[in-house]
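Q:
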Amino acid sequence: MGRLRGWLGAAAGGEQGDEGQDQGDGEATHAAHASADAARRSTLGRVSAWDPRFFRKSPLYWPIQRVAACFEGALEWPTVEAVDEALSGAAGVHFRQQPPKPRRGRGRRREPVDPSSLYDARIHVEGWVPTRPSSWHDFLNALVWATFPASKRALHARQHRAMAARLGDTSKTLPDRRTREQDGLALLDEGSLLLLVDAGRASKIATALEARDVSVVRNEITGGGAVALVFGHALYESLLPEPRLSIWGMVALLPCPGPLPLDDLSRIRLADTRLAEAITTPESFSRPETFRSLPLEEGVLCASG
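Read in this note's numbering, the sequence shown has 28 at position 28, and its numbers run on one by one without any break.
#1: Would A271 and L245 qualify as a contact pair, given that the criterion is a beta-carbon distance under 8 Å?
#2: Quick test of your reading: F95 and A142, contact by CB under 8 Å. State the CB separation rounded to the nearest angstrom.
#3: Indicate whether the contact test is met: 3 or more Cβ pairs, each with one atom in the stretch 50-57 and one in the stretch 245-256, closer than 8 Å.
#4: Alpha carbon to alpha carbon, how far is R292 from D213?
#5: Ends of the alpha helix (DSSP H) at Q97?
#6: If you run the structure through DSSP and keep just helix, strand and coil, what is D213?
#7: Assign G73 to one of two classes, buried (16 or more other C-beta atoms within 10 Å of its C-beta) or exposed (fewer than that).
#8: Quick check on L196: does DSSP put it in helix, strand or coil?
#9: Looking at C-beta atoms only, is the number of pairs between the stretch 254-263 and the stretch 160-167 that lie closer than 8 Å three or more?
#10: Span of the alpha helix (DSSP H) holding G249?
#11: Is the stretch 200-217 touching the stretch 229-241, taking contact as three or more C-beta pairs under 8 Å?
#12: Judging by CA-CA distance, which residue of Q182, F148, G184, L275 is the nearest neighbour of I64?
#13: Can you give the Cα-Cα distance for V197 and Q182, rounded to whole angstroms?
#14: Quick check on T273: does DSSP put it in helix, strand or coil?
#15: Looking only at its own chain, which residues have a Cβ that is under 7 Å from the Cβ of H156, when we skip the five neighbours before and after it?
#16: What's the gap between the Cα of V217 and the Cα of L60?
#17: According to DSSP, what are the bridge partners of A121?
#18: For A226, name the three-state secondary structure that DSSP assigns.
#19: With 16 as the cutoff for other CB atoms within 10 Å, does E76 come out buried or exposed?
#20: State the Cα-Cα distance for the pair R267 and L254, rounded to the nearest angstrom.
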């Protein structure tokens, strides 16, 4: 079912597939989105009912808990306008309802694709995120924006540049496949875990990830040498169904000098800063075949287990 199943689904152990993830969050930017959406539906199940206390079901929600609590009193799905009012200040972008995709009339000549009309351009150029109402995927994306604003800005700026460079001035259709860079950035956006680590322990943890030695990583987290934060909003979405499926997430290793901060807010801010720096580093996240993964399990990723 493609890389979304490979990295997010995996009782098989987080193996990679051949296709990319949903880069457009509901705005189809190329043909691979259909297969990614199908993979997400089959892998993550169908959860549509609003639950204002969803973030209390798992300690893995801790990075977005502060902003999710803004909606704990909502008796029904918050409107896109309510999401914007509550989160735009922290996110640094606005959230607007996704407009319907324009249809090309029969017999009309196909015009060149306008990069400014695509999902990432709406964010990078115009400063707003196309958002579907009553959608867990898009709602969780907004919460991640409000939690990791620097990283999300850097990510979508780079995705916009990557797509614009491929389209040029005369392309009349979108590319039918992503580049490896676009694959990597989409995986980071949808399905990543951030592993904030004491720089002195980074080599040991990297070796453990290569060997898929989950116990070493778990011990480092328990001992305070590493902190795991869910970043990908599809990973957050995967925590909703009950019973929960076995899910693996791609790891972004973020070494930091000195001991890691002890309070949650400082950890979130440090992770946001380090990830944004990593995203703006040329060629970073451009080789998905080198990505390593960890299971999305409280017993592995939470210090209290």
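Backbone N, C-alpha and C fix where the C-beta goes; we use that ideal spot for every residue, glycine too.
All figures in this text were calculated on a predicted structure; none of them were measured in a lab.
A: Taking the structure as given:
#1: no
#2: 5 Å
#3: no
#4: 11 Å
#5: Segment 94-97 is the beta strand (DSSP E) holding Q97; no alpha helix (DSSP H) there.
#6: coil
#7: exposed
#8: strand
#9: no
#10: Segment 248-256 is the beta strand (DSSP E) holding G249; no alpha helix (DSSP H) there.
#11: no
#12: F148
#13: 26 Å
#14: helix
#15: D120, I123, H124
#16: 16 Å
#17: Paired residues: none, contrary to the question.
#18: strand
#19: exposed
#20: 12 Å
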